[in-house]
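The block underneath contains the structure these notes are about, expressed in structure tokens.
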Amino acid sequence: MISVLIPVLLSGGVGSRLWPLSRELNPKQFLPLTGELSLLEQTLQRALHLESGKPIIVCNNDHRFMVAEQLRNVKIEPDAIILEPVGRNTAPAVAVAAMRAISQDDDAVLLVMPADHVVNDTAAFTAAVEIGLTQAQQGNLVTFGIVPEGPETGYGYIRRRDTESAGCFTIAEFVEKPSLAVAQQYVDSGDYFWNSGMFLLGAKAYLDELGVHAPAMLKAAQLAYNDAHEDLDFIRLDADAFAACDSDSIDYAVMEKTSKGMVVPMACGWSDVGAWSSLWEVGDKDSRGNVSTGDTILHNTQDSYIHSSSRLVTTVGIDNIVVVETADAILVADKDQVQDVKAIVNTLRLEQREEVNSHTKVYRPWGSYESLVVAERFQVKRIIVNPGQTLSLQMHHHRAEHWIVVRGTALVTCGETESLLLEDQSTYIPLGTKHRLANKGVIPLELIEVQSGSYLGEDDIVRFEDVYGRDS
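Structure (structure tokens):
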């Protein structure tokens with residue numbers, strides 16, 4: 004029955020090939036790369052076109068509040084947000100989602116979707132899901148093969164057998180990313196599809212097959228789920244048990260070994276947006292083949308991708324180039340070599356550069372802050388506190404703070420004193436003083452914070468109370 008269809012969104016990736024927009028603390032699934040909504044929000048909305056239950060989202064701990072906020076933004080209530088203490092690839096993630104789904108419905112069927120893919124033709128996507136649903140309800144494990152638009156070397160492929168059942172084929176084999184010549188042979192044969200990473204699985208059927216082909220993984224995942232506990236709106240898996248899981252994908256752990264694998268061909272304008280060239284391919288192009296976003300002026304430029312986040316970006320006389328600007332970093336790359344952006348990210352990580360982790364604008368469960376000026380012994384931030392939200396009661400050992408309200412009304416706790424600050428009013432938080440900021444109003448609270456002291460790092464925070472359950 005369609006009523007037992009449960010969307011499962013896997014939101015564990017970091018999207019390093021889309022640096023500098025995608026960062027470890029704000030990866031690509033949370034970014035509005037192809038429209039006003041983020042990729043996660045778009046994936047959630049695709050599920051609304053199906054007669055399905057509440058979605059289950061599996062994500063890592065650092066992203067939990069961003070997931071919750073984006074769910075609220077599109078007004079979708081999840082069945083669960085399951086937090087992975089460590090990344091263990093897709094097979095264990097889907098296992099714990101299946102356990103959660105079975106606890107709600109013994110006959111649950113999971114529609115497993117990465118949260119960071121693009122699907123431009125929702126009607127074609129929905130039709131393919133309806134084709135696969137019958138097979139999944141019969142105990143088969145269904146994946147979706149993207150009808151290739153050309154010889155792509157960046158994707159794995161799925162080869163079908165000739166046996167067909169109402170638009171669904173048995174799987175002959177999964178093959179790794181091919182050379183260009185081999186990829187052309189795959190396309191010419193008509194028997195190969197791009198591996199989409201999307202699945203339609205009976206929850207019990209998947210766990211049964213996982214038990215046959217990866218019993219140790221199933222046991223560890225079951226222990227992690229059984230010993231999980233609720234924390235606010237989240238389900239925290241047991242850290243030790245989940246860490247004991249082998250790290251493996253559904254493809255390797257189950258789909259390449261099972262005799263129940265089926266593939267549904269899908270032509271739905273799909274992309275995994277795994278590189279800047281992918282965003283160029285799916286973007287709206289001008290008469291010279293350029294895709295541009297933000298404040299840009301292009302002259303004698305063609306077949307290029309230009310993205311501006313915070314300032315004017317201009318180009319003259321370039322061809323097949325990617326330019327991506329953010330407040331703290333700029334990427335310039337040949338469009339044919341953007342897969343190598345990951346090498347830049349690896350270098351940043353080795354050098355412990357902050358640009359690999361976060362933007363100058365950082366999102367928090369209560370809102371966001373943005374660094375405007377950073378200098379020796381002082382920095383200036385723009386802070387936004389969402390309506391009804393409260394920061395932790397905290398103290399700093401090494402810095403004092405001045406707050407100036409730009410918009411809204413701030414409820415300020417400073418030591419034993421509590422006061423209201425209106426627009427254009429300010430206050431001073433001495434070093435070593437317990438303090439708290441809250442927005443009890445109905446509009447966002449915006450203020451400028453000037454920090455001064457010997458050390459200004461974000462780890463100079465001692466929390467005493469926190470409504471979000473953070474201890475750091």
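Each residue of the sequence shown is one higher than the one before, starting from 4 at the first, in my numbering.
Glycine included, each C-beta is placed from N, C-alpha and C at the ideal position.
All figures in this text were calculated on a predicted structure; none of them were measured in a lab.
Handout entry: Closest Cα partner of I79 within the set G56, D322 and R67
Key = G56
Practice task
Please list, in chain order, all residues of the same chain as L235 whose beta carbon is under 8 Å from its beta carbon, the five residues on each side excluded.
Solution key: Y471 and G472
Problem - Inter-stretch contact (C-beta, 8 Å, three-pair minimum) for the segment 102-117 and the segment 197-215 - result: yes
Exercise for the section: Report the three-state DSSP secondary structure of V77 (helix, strand or coil). Expected result: coil
Handout entry: Three or more C-beta pairs below 8 Å linking the segment 308-318 and the segment 260-272
Key = no
Problem - Separation of I387 from L394, as counted between CA atoms - result: 11 Å
Handout entry: Y195, buried or exposed, once every other Cβ within 10 Å from all chains shown has been counted against 16
Key = buried
Exercise for the section: Helix, strand or coil for K364, going by three-state DSSP, please let me know. Expected result: strand
Problem - Coarse secondary structure for P88, derived from DSSP in three states - result: coil
Problem - Cβ neighbours of I321 in the same chain (closer than 7 Å, five flanking residues each side left out) - result: T304 and S307
Problem - Sub-8 Å separation of N1 and S252 beta-carbons - result: A query on residue 1 cannot be resolved here, the shown segment of the chain reaching from 4 to 475 and no further.
Exercise for the section: With DSSP collapsed to three states, give me the class of A332. Expected result: coil
Handout entry: Under the three-state DSSP convention, the category M4 falls into
Key = Only weak support is given to the placement of M4: the predicted model assigns it a pLDDT of 44, under 50, and the value that follows is read from those uncertain coordinates. Note: M4 maps to coil in three-state DSSP.
Exercise for the section: Given a cut-off of 8 Å, decide if R67 and F237 are closer than it, judged by their beta-carbon atoms. Expected result: yes
Exercise for the section: Compute the distance between the beta-carbons of R385 and L375, then report whether it is under 8 Å. Expected result: yes
Practice task
Express the C-alpha separation of K222 and M4 in angstroms, rounding to a whole number.
Solution key: Low local confidence applies: a pLDDT of 44 at M4 is under 50, so the model's placement there is unreliable, with the coordinate-based value given in what follows. Distance between the alpha carbons of M4 and K222 is about 29 Å.
Practice task
Would you tell me roughly how many angstroms separate the C-alpha atoms of V150 and W197, rounded to the nearest one?
Solution key: 7 Å
Practice task
Tell me the start and end of each unbroken beta strand (DSSP E) in the segment 424-459 that is at least 3 residues and wholly inside, in chain order.
Solution key: 429-432, 438-441 and 448-456
Handout entry: Collapsed DSSP secondary structure at A378 in the structure displayed
Key = strand
Exercise for the section: Can you check DSSP and say which residues form a bridge with C62? Expected result: S14 and L86
Handout entry: W283 in three-state terms, based on DSSP
Key = helix
Handout entry: 8 Å CB neighbourhood of H302 in its chain, flanking five on each side removed
Key = T317, T318, V319 and G320
Problem - Same chain, Cβ closer than 6 Å to A336, neighbours up to 5 away in sequence not counted - result: V325
Handout entry: I370 versus N389 - alpha carbon distance
Key = A small correction: the amino acid at residue 370 is Gly; Ile does not occupy that position in the sequence shown. If you take the alpha carbons of G370 and N389, they lie about 5 Å apart.
Exercise for the section: Pull up the distance between the alpha-carbon of L12 and that of H120, whole angstroms please. Expected result: 11 Å
Problem - Own chain, CB closer than 6 Å to S182, minus 5 neighbours either side, in chain order - result: none
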